[in-house]
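See structure below.
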Amino acid sequence: MAAAPGGSAPPAGPGPRLGFSTADSGVGMSGLNPGPAVPMKDHDAIKLFVGQIPRGLDEQDLKPLFEEFGRIYELTVLKDRLTGLHKGCAFLTYCARDSALKAQSALHEQKTLPGMNRPIQVKPAASEGRGEDRKLFVGMLGKQQGEEDVRRLFQPFGHIEECTVLRSPDGTSKGCAFVKFGSQGEAQAAIQSLHGSRTMAGASSSLVVKLADTDRERALRRMQQMAGQLGALQPAPLPLGACGAYTTAILQHQAALLAAAQGPGLGPVAAVAAQMQHVAAFSLIAAPLLPAAANSPQGGGPSTLPGLPAPIGVNGFGPLTPQTNGQPGSDSLYNNGLSPYPAQSPGVADPLQQAYAGMHHYAGPEGCNLFIYHLPQEFGDAELIQTFLPFGAVVSAKVFVDRATNQSKCFGFVSFDNPTSAQTAIQAMNGFQIGMKRLKVQLKRPKDANRPY
DNA sequence: TGTTATT
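Counting in numbering that gives the first Met the number 0, the first sequence runs from 0 upward without gaps.
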């Protein structure tokens, strides 16, 4: 024992004598540990949790006990952050994965250290994860990249247990993959180094490397999609009271809380309820905030609105909220008598209903789709709907968002179900001043068109 | 100038 060679420091002389209550079977004489002073650990090494350790034993005391099963990479007794008191347990990582497995099977629940009532615990630390924490989702791959390419990319970070590129039924790559590492540490290292680090050929954005969804997250995702479908097909007839963006924000917050609060074991029904509440909140956004009876001078045009006081604050949607429900003209977005909106013709189906009727369609027919630039930074899809809903049935509205920052790119698309509405919207809204900006509203460029403007 | 995908 006294001659532990190599990097393993010999246990300090006096210290508590180490032994198991069952049998003392020559612990500590096995390992010659030649090699570098700084040990290397295998990529697939396992971090072990060791419990039921007598408080009197420190790392040096414990070392010989565990060295029987192989070279130790790291051994740390857990201490209270504040008091520094020994917590009766430790983390142990062997250089070799195999050593950890041997130690676990030989020691876990098998022996009891002196002075303890319960047998020692030796098992993978919780931080090692039980599968999900070692599995990565990889996005923004090139469509032509296969398993081999992905493996090449991730192989430097550890032992890859699985590597699968997701493909459509016809075999073409969906541009994403799953990679499972031997340990959580390897997975985290890969995330650290690779996420956002490069853009693969043919990808629209930089590489995505993150933990794969858990089963629960996957189920939630599915339900979100289903709820979305339901909402698009059957817009709930909601009371359109005085509910503006602020109310919406509260509802969304509540929905988020509900979703976050669903701990393990929450049934699918409650999850759906949370999702449906979210859908309801979204529906409320569409409460028309615009003056229904505001007869605007159509001939004037937006360019005749110089010096318009900013109707929309840069820090929120305060002015967007209808403060007097149903009272045309007053306290509305356009309290200057220069609203660009045409009167809503009676007899036309509720535009709200129409707006949602086909909302899952991205684009309408040619000539129905608008490209809108110079949107206020805080404009989202909902505000875009609100702004263009008076001109006709909005089939879709989408503000582009930078995926990395979640910030609006200040442009978006609105589609109507007919070209006349689109033209009316252009006439009324192109050049319209909001805050410091003037909207640019024009027909969306067809995919194949080559004109810059 | 319609984006990013979850076995």
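A virtual CB, placed ideally from N, CA and C, is assigned to each residue, including glycine.
- Close CB contacts of residue 194 within its chain, under the 6 Å cut and outside five residues either way in sequence, are with 208 (chain order).
- The C-alpha of residue 83 lies about 42 Å from the C-alpha of residue 219.
- Cα atoms of residue 150 and residue 121: separation of roughly 32 Å, rounded to the nearest angstrom.
- The DSSP-derived three-state label of residue 437 is strand.
- With fewer than 16 neighbouring CB atoms inside 10 Å of its own CB, residue 399 falls in the exposed class.
- Going by C-alpha positions, residue 51 is about 49 Å away from residue 144.
- Straight-line measurement puts the Cα of residue 419 at about 12 Å from the Cα of residue 364.
- Within the same chain, Cβ atoms closer than 7 Å to the Cβ of residue 79 are found at 86, the five residues on either side in sequence being excluded.
- Taking 3 residues as the minimum length, the beta strand (DSSP E) runs contained wholly in the segment 129 to 197 are 134 to 138, 159 to 166, 172 to 180, in order along the chain.
- By the Cβ neighbour-count rule, residue 173 is exposed, with fewer than 16 other Cβ atoms within 10 Å of its own.
- In the three-state scheme derived from DSSP, where H, G and I count as helix and E and B as strand, residue 91 is classed as strand.
- For the pair residue 40 and residue 127, the CB atoms are not nearer than the 9 Å cut-off.
- Across the structure, residue 430 and residue 210 are spaced so that their CA atoms are roughly 45 Å apart.
- Nearest in C-alpha terms to residue 75, of all of 158, 60, 423, is 60.
- If you look at residue 103, you'll find it in the alpha helix (DSSP H) that goes 96 to 106.
- In the structure shown, residue 421 falls within a helical segment according to DSSP collapsed to helix, strand and coil.
- Shown here, residue 63 sits in a helix according to DSSP, grouped into three states.
- Under the 10 Å beta carbon count, residue 408 is surrounded by fewer than 16 other beta carbons and is classified as exposed.
- Contact between the segment 92 to 101 and the segment 63 to 72 is present: 3 or more CB-CB pairs across the two stretches fall below 8 Å.
- Rounded to whole angstroms, the separation of the alpha carbons of residue 131 and residue 213 is 6 Å.
- For residue 156, same chain residues with a beta-carbon under 6 Å away, outside a window of 5 residues either side, are 185, 188, 189 in chain order.
- Shown here, residue 389 sits in a helix according to DSSP, grouped into three states.
- No Cβ-Cβ contact shorter than 9 Å links residue 105 with residue 140.
- Measuring C-alpha to C-alpha distances from residue 204 to each of 181, 424, 404 identifies 404 as the nearest.
- About 19 Å separates the beta carbons of residue 438 and residue 366, which is beyond the 8 Å limit, so they are not a contact pair.
- Closest option to residue 170, judged by alpha-carbon separation, among 146, 178, 424: 146.
- Burial of residue 395 is indicated by the presence of at least 16 other C-beta atoms within 10 angstroms of its C-beta.
- By the criterion of a C-beta distance shorter than 7 Å, residue 361 is surrounded in its chain by 395, once the five residues flanking it on both sides are discounted.
- In the DSSP assignment, residue 120 is bridged to 50.
- Nearest to residue 133 by alpha-carbon distance, out of 55, 181, 109, is 181.
- Taking C-alpha positions only, residue 123 is separated from residue 191 by approximately 23 Å.
- Taking the C-beta atoms as reference points, residue 135 is found nearer than 9 Å to residue 178.
- With fewer than 16 other beta carbons inside 10 angstroms of its own, residue 225 counts as exposed.
- Counting the other Cβ atoms within 10 Å of the Cβ of residue 388 gives 16 or more, which makes it buried.
- By alpha-carbon distance to residue 370, the top candidate from 422, 406, 101, 100 is 422.
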